[in-house]
Every structure is written in structure tokens, then in C-alpha cells.
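Below is one structure, written out as C-alpha cells, with a few remarks after it.
Numbering (our numbering), first residue to last: 19 to 151.
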């Protein structure tokens with residue numbers, strides 16, 4: 019499950035929303051989550067990201083079990099298993115480590131705050147030693 023607390027852990031609210039499944043079929047397994055405050059970029063919200071067994075999902079509005087999660091970056095990473103999601107508040111960058119599809123790094127801000135150009139930084143990278151620690 020996916021839960022949120024606003025009082026230091028005294029009470030928890032489920033926020034799985036449409037990721038829960040439809041009652042007959044379960045939803046995707048939840049692997050990792052990240053929170054990206056957007057106020058420093060002039061957007062009065064917070065971006066919540068969840069890596070799942072069916073890709074990366076996000077929302078800017080938590081509404082308990084009515085939370086609507088939307089799939090992100092489908093054009094680039096598809097429904098790859100998003101094992102790890104990390105957000106960097108200083109510049110709004112998001113990195114997603116997948117199972118078998120490499121790592122994806124992006125900037126969700128243009129899609130949220132307007133149509134800005136995003137520089138493509140695709141390239142070949144290697145880790146040493148492999149596996150890295």
C-alpha cells in the first residue's frame with residue numbers, strides 16, 4: 019500500500035487511489051517513491067512520484083483513495099519496472115532506475131509549468147566496478 023502522514027506518523031491516510039487495482043485484478047506493485055516540491059519553480063504544488071512494476075506514475079494532488087495517478091514518460095521508458103525514483107529539489111531533475119531498461123533522467127517541469135525546450139542528454143554510460151555499490 020501507499021500511505022501519507024501529516025502529523026509525524028500518528029495517523030496514516032491511504033493514497034494508493036487508482037493504483038490499487040479494480041477489485042478483480044491487483045494494481046502494479048509499488049517499488050519506490052519520491053517527493054519534489056515545486057514552489058521554488060513558481061508552481062504552487064508538490065509533485066509526488068511512484069515507481070511501480072508498470073512504470074512511473076505521478077500526481078500533484080493527494081486525495082486519499084481518490085488520488086489519481088498518471089503514468090509518466092511512457093514515450094521514453096514505457097512500462098518498464100521503475101525500481102528506484104529519486105528527485106533533486108535543487109533543479110527539479112528526476113532519475114528513475116529500471117529493471118532491465120537502464121536509467122532515465124528527466125525534467126518534469128516543462129510539462130508542468132509550460133512548454134519549454136529540454137536539452138537531450140542521452141548517451142552511453144558505464145559503471146565501474148560492475149555491479150556498482
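Where a beta carbon is used, it is the ideal one built from N, C-alpha and C, also for glycine.
Subject >> Nearest-angstrom beta carbon gap, residue 111 and residue 125 [assumed within contact, 8 Å] >> reply: Indeed they touch by this definition, with Cβ atoms about 6 Å apart.
Original post:
Going by C-alpha distance, which of 52, 78, 47 is nearest residue 62?
Top reply: If we check each option's Cα against that of residue 62, 78 comes out closest.
Original post:
Using the beta-carbon count (16 or more within 10 Å), is residue 75 buried or exposed?
Top reply: Counting C-beta atoms within 10 angstroms of its own C-beta, residue 75 has 16 or more neighbours from the protein chains shown and is therefore classed as buried.
Subject >> Counterpart residues of residue 106 in DSSP-defined beta bridges >> reply: Bridge partners of residue 106: 111.
Original post:
Should residue 97 and residue 113 be called a contact, given that it needs their Cβ atoms to be closer than 7 Å?
Top reply: For residue 97 and residue 113, no; Cβs fall outside 7 Å.
**OP:** Grab the span of the alpha helix (DSSP H) containing residue 61 for me, first residue to last.
**Re:** Run containing residue 61: none; DSSP gives neither H nor E here.
Original post:
Nearest to residue 93 by alpha carbon, out of 25, 32, 122?
Top reply: If we check each option's Cα against that of residue 93, 122 comes out closest.
Subject >> The beta strand (DSSP E) enclosing residue 90, as first and last residue numbers >> reply: First-last of the beta strand (DSSP E) with residue 90: 88-90.
Subject >> Boundaries (first-last residue) of the beta strand (DSSP E) holding residue 121 >> reply: Segment 121-124, the beta strand (DSSP E) holding residue 121.
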